[in-house]
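K.L.:
Using full-length UniProt numbering, read the sequence shown as starting at 1 and increasing by one per residue. Where is the CB? At the ideal position from N, CA and C, for every residue including glycine.
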Amino acid sequence: MLLCRISAVSHALARWGRRSHRRGGLLHQALPFSSSRCHGVSSGEGSAQPAETGSAQGVYRDTVLLPRTKFPMKLTGQKLLDRELEIQKCGFADLYSWQRERKAKKEFCLHDGPPYANGDPHVGHALNKILKDIRNRFEMLRGRQVHYIPGWDCHGLPIELKALGELGTSGLSPLQIRQKAREFAERAIARQKAAFQRWGVMADWDQCYYTYDGAYEAAQLKVFQEMHSKGLIYQDYKPIFWSPSSKTALAEAELEYNPEHVSRAIYATFPLITLPAEIASEKAGLESVSVLVWTTQPWTIPANQAICYMPNAQADNSQLLLVATERTASVAALLGTELESVGTFTGSQLEGGVCKHPTIPDKEVPLLPANHVTMAKGTGLVHTAPAHGMEDYSVASQYKLSVECIVDEDGKFTESAGPDLHNLSVMREGTDKVISMLKECGALVKEEKCVHSYPYDWRTKQPVIIRPSKQWFINTASLKDKAKEVLQKVRVLPESAKGSLLAMLDRRTYWCISRQRSWGVPIPVFYHKETGEALVNKHTVSHIATLFKEKGSDCWWELPIETLLPAEVLKKVRISGPVTDYIRGEDVLDIWFDSGASWAAVLEESDPRADAYVEGKDQIGGWFQSSLLTSVAVRNKAPYKSLVVHGFAISEQGEKMSKSLGNVVDPDTVINGGKDNGLPAYGADVLRWWVAESNIFSEVQIGPTALNSARDSIAKLRNTLKFLLGNLHGFDPLTQAVDSKEMHYIDQYMLHLLREYSMKVTDAYSEFDAGRVIRVLQAFIARDLSSFYFSIIKDRLYCDPEDSLGRRSCQTVLEEVLDGVTRSIAPILPHLAEEVYLHAPGHDKAETLFKSGWIKSSSVWRQPGLEEAVEGACAIRDSFLSSIPGKNAAQYDLTIALEPGLLFELMESLQEEPTSTSSQLAELMMAARVNLTSALPRDLPSDALLNHGTFLINLEGGVIREDSAYDIAVVPTSSARCPRCRRYTAESADCLCPRCQTVVSRAQ
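1) Bridge partners of K449, per DSSP?
2) What is the rounded straight-line gap between the Cα of S766 and the Cα of D392?
3) So, under 8 Å CB-CB, residue 1027 and A869 are touching, yes? Tell me the CB distance rounded to an integer number of Å.
4) So within the region 889–969, which uninterrupted alpha helix (DSSP H) runs reach at least 4 residues, ignoring any that extend past its ends?
5) Kindly list the residues whose CB is nearer than 7 Å to the CB of W690, restricted to its own chain and excluding five residues on each side of it in sequence; keep chain order.
6) Can you round the beta-carbon distance between D967 and G842 to whole angstroms, since I take them to be within the 8 Å contact cut?
7) Measuring CB to CB, does residue 1008 end up less than 7 Å from A969?
8) Tell me, which residues are paired with F473 by DSSP?
9) Suppose you measure from the CA of L487 to the CA of W511; what does that come to, to the nearest Å?
10) Buried or exposed for S964, please, with buried defined as at least 16 other CB atoms from any protein chain shown within 10 angstroms of its CB.
11) Work out the CA separation of D611 and K641 for me, nearest whole Å.
12) Go ahead and label G40 buried or exposed: buried means 16 or more other beta carbons lie within 10 angstroms of its beta carbon, across all protein chains shown.
13) Go through its chain and collect everything with a Cβ distance to T431's Cβ below 7 Å, but skip five positions before and after it.
14) So, at 6 Å on beta carbons, what are the nonlocal neighbours of D408 in its own chain, with the 5 sequence-adjacent residues on each side left out?
15) May I have a chain-ordered list of the beta strand (DSSP E) segments no shorter than 3 residues that lie completely inside the region 107–192?
16) Among G378, K103, W472, whose alpha-carbon lies nearest the alpha-carbon of C450?
17) Taking 7 Å as the limit between beta carbons, can you name the residues of its chain near L661, skipping five residues before and five after?
18) Thinking C-alpha only, which one of L589, A417, P979, E338 is nearest P522?
19) So for V521, helix, strand or coil by DSSP?
20) Would you decide whether A483 is buried or exposed? Buried here means 16 or more other CB atoms lie within 10 Å of its CB.
21) Around the Cβ of Y237, are there at least 16 other Cβ atoms within 10 angstroms (buried) or fewer (exposed)?
22) Assuming Q701 is part of the beta strand (DSSP E), what are its boundary residues?
23) Is the beta carbon of D457 sitting closer than 7 Å to the one on S246?
24) Classify N258 as helix, strand or coil using the three-state DSSP reduction.
25) Between the region 226–245 and the region 564–576, do three or more beta carbon pairs fall short of 8 Å?
26) Go ahead and pull the three-state DSSP assignment for A30.
27) For G40, which of helix, strand or coil comes out of DSSP?
28) Once the 5 residues before and after L751 are set aside, which same chain residues still bring their CB inside 7 Å of it?
29) Relative to the C-alpha of I650, which candidate in E913, N695, P608 has its C-alpha closest?
30) Residues bridged to Y456 by DSSP?
31) Given that a residue counts as buried once 16 or more other Cβ atoms are within 10 Å of its Cβ, and exposed if not, what is Q305?
32) So the candidates are A194, L164, P72, A195; which of them puts its Cα closest to the Cα of E183?
33) Kindly provide the ranges of any alpha helix (DSSP H) runs that are 4 or more residues long and lie completely inside the region 664–746, ordered along the chain.
34) Would you check if there are 3 or more beta carbon pairs closer than 8 Å linking the region 210–223 to the region 592–603?
35) Along the beta strand (DSSP E) that carries R584, what are the first and last residues, could you check?
36) Looking only at C-alpha atoms, which of G143, M202, T735 sits nearest to I134?
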């Protein structure tokens, strides 16, 4: 009756942060199957033996309701592996198709960034695919229809090179090369797909996407055509990154920068043969001035077309060497000499000056202003070779300088470089020769080694060069502003990654999309045989796309030109000449364009925007960016609503994994164990726990320590799940569950905590924070369940009558907790969750957990008034247990003295009578007897332990606040220990307590 009154006045009680009063560090039973203080039996599966065999307790052993379940405490080795495979076969096989067919109000689309089909599955794959699967399974459980189609990036040079192996490309036609590359990619895909399935990744594995499929290629060409029609794709002759080792053009995203690269840097002079007009009119005797330049690429000196200066800089004519004033001291130190200033000019006064090229007779090079000149290094006067520098090319475009290329596709000087350099490798002997030529003509001032960051081909790991070539480009400069605008509306995790995305967009002025290879999607362009003019428009591309969709892109090489460019297409584009005037192009599209167009080929046409893209941080300049640029170009919006950028998997020592270091962790070995290294069979769930528990936004370490920790954590979780299942033996939640209003208050309070737990877990999954899910789970189990609720209820659970309201109340809560915990771990540990579900009561054994929904918490479970009552009691219990540190609370009587007020009323709701051994307050305190009074008695024994404290009650959002004081007295109980339940509530040691007498007499 009192609880009803409290609910009436405090139904709007506000929550307040006082968890330390409630449970923190108070109780000793950390594991649910450890011996309990109250019943004297060892818990375990099946019938357990009494703690004191041979005593009177043995007589009552069969009357104690111990946990019983066939759910194994441990599952290891081959049994674990067989169990996981069995669950996958029975529960996971049709899961994705089932959820796609069911009706759902909302869809969740996670677009799979295609892994590269060129090798075996590795832990980086595991990190990425499991992370995605955790979110997909969560979304499916909460009732959404998941759209997730796994894909593979199948084209590109690494596959081509690995497929050809020692054969090389000599003597093989493009179609032969493509056939071998396709076969190689298919084998890699089969291995990777099998691994992804073994990790428990949910998908329809018969309906994946592959960038070499004709339908995918056709969709890609439509994106190409749209961008070309808008003038965003164009052909030009200008410097690009060129890989001599791969013999192809590269985009910025295909580069790796080696910070330890060593260049032979030089300081060289260019004699000034024509003085700038402003200087010549003011100064005399400057006829022998030389301009001093610095470069880390001496091989580009023969291609020099100008020397650039900063218009606003000061220049010293020191020792007849023209050097920027700001660099004079550095140059002097480098040369080991003092430089005396002869004259100072502004940069703008150098206009009109002309120098003589040091190694090429009769060649003159002008002095030109340029904004890219800095004073950070060198001399402040910049050697400019437009064919071999991006900024140099900009100067050439402005001043109409020559951009002649003197380097071939192999990275060797061409014949136009002169007989002394012809056929020499520019990065090796060519550099030696250029330096030697500078020495011979007296132009070399100094040579030094320069360690600096230099671009390498990400596939061959060899240095690249910059050389001009006729290539196809995307004008990203015209897309950047819109791309940055739409990116601001995309949610990026972690937030810091957005800055990197924006910075990379800023640096990218164009994107070279043509590659000189055979294995890829052909650029659908025809060239006139005589003029070389390109033929490409919406009619020609649309026709080729149709052919690709029907026959695949091999038809570009298989079909005659008359089929690729039929008369009706020529008529549409108003070309009257014969089709034989044209030849098909030989370049293929950059694989970043391949994969970047995946949104157009894979996502649903109604709204081809994914809820999330989830990839590693290397995709900031790769797939994330290529997808964004193509989507903005075609549709003016991003292809994703959110981006999740995770780190890389590394060894436990923080090193990058490599075979040479011997620190590679093979996910197959993690799951199945390894004979060579002695690793146990951890199973797929351990691998998934490792992913979930890791801080994915940084580098993720993996090794025996991390894997053993994951295995131990799952073992502890199994222990808790076994306890829950064991105590639900014989319980039918459909017919025996107790309404929450009729439950013990501590049971109602546990449902309240379960609801809090479910909301925290749901929020964490929604934020891609599986690590927080695990932390919340472990705190809930350790603090709320094992150390708090399980310790309190064991006596009632084991020793009350089987069908009593108190025990059924407890079992109802345990079933809800089991169900909630099992569902909450299911996205991370699907195999364990399904295994538990097979043993859990209340459903058809043929059902699977993943088809039955998310945690079913109820708003009715949140009862603030009840929370105040239980937490007030917990605050008092804190004081009680701290008075008897290390001793058994069941051996003491507790007197609680409270002045009349709200706290007294709350405690009365847990114990209506003044003294009790069986009240809910006594159960919560775990004491032999609890006396509830308004003042401590004056005749307390001398050995009584006294303590006091206060508890803040906050009602109705702070409208009512009461800081209630309490006093307690603790004395050893005079009662004897009951031989059945081991509580100190019996009249003598050979006598059962009243509760146990009733239970035993009923059983007889």
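P.N.:
From the atom records:
1) R264
2) CA-to-CA, the gap between S766 and D392 works out to about 49 Å.
3) With the chain covering only 1 through 1004, there is no way to say anything about residue 1027.
4) 902–910, 920–925
5) I702, A706, L707, A710
6) Not quite, the Cβ-Cβ distance comes to about 46 Å (not below 8 Å), so this is no contact.
7) This structure cannot settle anything about residue 1008, because the visible part of the chain is limited to 1 through 1004.
8) Y234, C512
9) 19 Å
10) buried
11) 5 Å
12) A caution first: G40 carries a pLDDT of 31, below 50, which makes its placement in the model too unreliable to give a value.
13) Within the same chain, T431 has close Cβ partners R264, P298, W299.
14) Beyond the five residues adjoining it in sequence on each side, D408 comes within less than 6 Å, by CB distance, of T414 in the same chain, given in chain order.
15) Taking only runs of at least 3 residues, the beta strand (DSSP E) segments lying wholly in the region 107–192 are 107–111, 145–147.
16) G378
17) For L661, the CB contacts under 7 Å within the same chain, skipping 5 residues up- and downstream, are E655 in chain order.
18) Residue L589 is the option with its Cα nearest to P522.
19) coil
20) buried
21) So Y237 ends up on the exposed side.
22) 700–702
23) yes
24) strand
25) no
26) Reliability of the predicted coordinates at A30 is poor, the pLDDT of 31 falling under 50, and the value obtained from them is presented with this limitation in mind. DSSP places A30 in coil when its eight states are reduced to three.
27) The predicted position of G40 is uncertain, since its pLDDT is 31 and thus under 50; no value can be drawn from it.
28) S740, V813, E816, W861
29) N695
30) E256, P463
31) With 16 or more other Cβ atoms inside 10 Å of its own Cβ, Q305 counts as buried.
32) L164
33) 667–672, 684–693, 704–726, 733–736
34) Cβ pair count under 8 Å is three or more, so yes.
35) Boundaries of the beta strand (DSSP E) harbouring R584: 582–584, taken from the DSSP string.
36) M202
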